[in-house]
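Quick notes on the structure that follows.
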Amino acid sequence: SQTIHQWPATLVQPVGSPLSLECTVEGTSNPNLYWYRQAAGRGLQLLFYSVGIGQISSEVPQNLSASRPQDRQFILSSKKLLLSDSGFYLCAWSPWGQGGYEQYFGPGTRLTVT
Amino acid sequence: AQSVTQLGSHVSVSEGALVLLRCNYSSSVPPYLFWYVQYPNQGLQLLLKYTSAATLVKGINGFEAEFKKSETSFHLTKPSAHMSDAAEYFCAVTLAGGTSYGKLTFGQGTILTVHP
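Right, here's the structure in full:
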């Protein structure tokens, strides 16, 4: 079966510090990968998606970036965090392109920028 | 472009009562629809999905949803609420086809409270 991991689970970072959140998927190959942010009272916002290694599409202009160095690894980064980057970050994978359309989510990372 | 509207940001029911969470979608082509549940500080869990097969879809934990094209609706129901159903529920839509890349558009969520 497939599993998706995210770490760290929680993170407290000062404004202006860098960020690196990691997501890995097990048990599948060539998944589509997605990063979402969930801010309080604002629903889920798609940040980035990837259909393959090195292929990243950005949905929202911001100071965040994403990379996919391996087939089942997706990294969310920032060089300098802003207060507005606080939120719950969720990674998801989908078998899209292999006949599936649903997404499966990781446990999330709670980021607090102070 | 597609969109999803969840009617009611908060729904409160008594334990054992019917649960009805409303979702309406807008799509220019036949959509694929999903319901997810989120417990506090956890990721989203897929409850059920509609992908153009049977219009009445059964999911986990006793939930089901019916796709009604004429009403552009995909409401979530459960005959008898349990305390463990208290959570936030999200309706989502995507489109079949090469340009969607499986991206989901989510509703704003409905928080379900279950009273003893």
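Protein sequence lines, in the order shown, are assigned to chains A and B. Taken in order, the first sequence gives residues 1412 to 1525; the numbers are from this note's numbering. Taken in order, the second sequence gives residues 16 to 131; the numbers are from this note's numbering. Just so it is clear, CB atoms sit at the ideal spot from N, CA and C, and this is done for glycine as well.
Output the boundary residues of the beta strand (DSSP E) element that contains residue i.
| i | result |
| --- | --- |
| lysine 1490/A | Note, lysine 1490/A: premise wrong, no beta strand (DSSP E); not H, not E. |
| tryptophan 1504/A | 1498-1505 |
| threonine 39/B | In the sequence as presented, threonine is not what sits at residue 39/B; that position holds asparagine. Element bounds for asparagine 39/B: 34-41. |
| leucine 119/B | That residue, leucine 119/B, is in no beta strand (DSSP E); it is neither H nor E in DSSP. |
| valine 26/B | 25-29 |
| phenylalanine 89/B | 88-93 |
| lysine 84/B | It is not in any beta strand (DSSP E) - lysine 84/B carries neither H nor E in the DSSP assignment. |
| tyrosine 54/B | No beta strand (DSSP E) contains tyrosine 54/B, which DSSP labels as neither H nor E. |
| isoleucine 1415/A | 1414-1418 |
| threonine 1421/A | 1421-1424 |
| glutamine 60/B | 59-65 |
| threonine 1523/A | 1520-1524 |
State yes or no: is the C-beta of residue i within less than 8 Å of the C-beta of residue j?
| i | j | result |
| --- | --- | --- |
| valine 19/B | tyrosine 47/B | no |
| glutamine 17/B | leucine 110/B | yes |
| serine 1401/A | serine 1488/A | The structure shown does not extend to residue 1401/A, since chain A spans only 1412 to 1525, so no value can be given for it. |
| leucine 127/B | leucine 36/B | yes |
| phenylalanine 121/B | glutamine 53/B | no |
| phenylalanine 89/B | tyrosine 65/B | yes |
| leucine 1492/A | leucine 1430/A | yes |
| leucine 1538/A | glycine 1517/A | An answer regarding residue 1538/A cannot be provided, because it is not within the stretch 1412 to 1525 covered by chain A. |
| threonine 1525/A | glutamine 1417/A | no |
| proline 1480/A | threonine 1439/A | no |
| glutamine 1449/A | leucine 1458/A | no |
| glutamate 79/B | leucine 61/B | no |
| leucine 1522/A | leucine 1422/A | yes |
| threonine 114/B | valine 26/B | no |
| isoleucine 1464/A | aspartate 1482/A | yes |
| valine 28/B | valine 129/B | yes |
Any idea which residues DSSP pairs residue i with across the strands?
| i | result |
| --- | --- |
| threonine 128/B | Ser27/B |
| glutamine 1481/A | Gln1484/A |
| alanine 107/B | Phe49/B and Phe121/B |
| serine 18/B | Ser41/B |
| tyrosine 1515/A | Trp1504/A |
| alanine 102/B | Leu127/B |
| alanine 80/B | Val72/B and Leu91/B |
Item to check | Start-end ranges of the beta strand (DSSP E) lying completely within the stretch 1432-1476 of chain A, minimum 3 residues | outcome: 1443-1449, 1455-1463 and 1466-1469
Checklist entry - Taking any Cβ of chain A, which residues in the stretch 46-57 of chain B have a Cβ under 9 Å from it, in chain order? => result Tyr47, Phe49, Tyr51, Gln53, Asn56 and Gln57
Item to check | Contacting positions in the stretch 1452-1464 of chain A - beta carbon closer than 7 Å to chain B | outcome: Gly1454, Leu1455, Leu1457, Tyr1460 and Val1462
Checklist entry - Closer than 9 Å, Cβ to any Cβ of chain A: which residues of the stretch 72-104 of chain B, in chain order? => result Cβ contacts with chain A come from no residue of the stretch 72-104 of chain B.
Item to check | Residues in the stretch 1490-1510 of chain A having any Cβ partner in chain B nearer than 7 Å | outcome: Leu1501, Ser1505 and Trp1507
Checklist entry - Got a sec: which bits of the stretch 1433-1447 of chain A sit with their beta carbon under 9 Å from any beta carbon on chain B, in order along the chain? => result Asn1443, Tyr1445 and Tyr1447
Item to check | Residues in the stretch 1510-1524 of chain A having any Cβ partner in chain B nearer than 9 Å | outcome: Gly1511, Tyr1512, Glu1513, Gln1514, Tyr1515, Phe1516, Gly1517, Pro1518, Gly1519 and Arg1521
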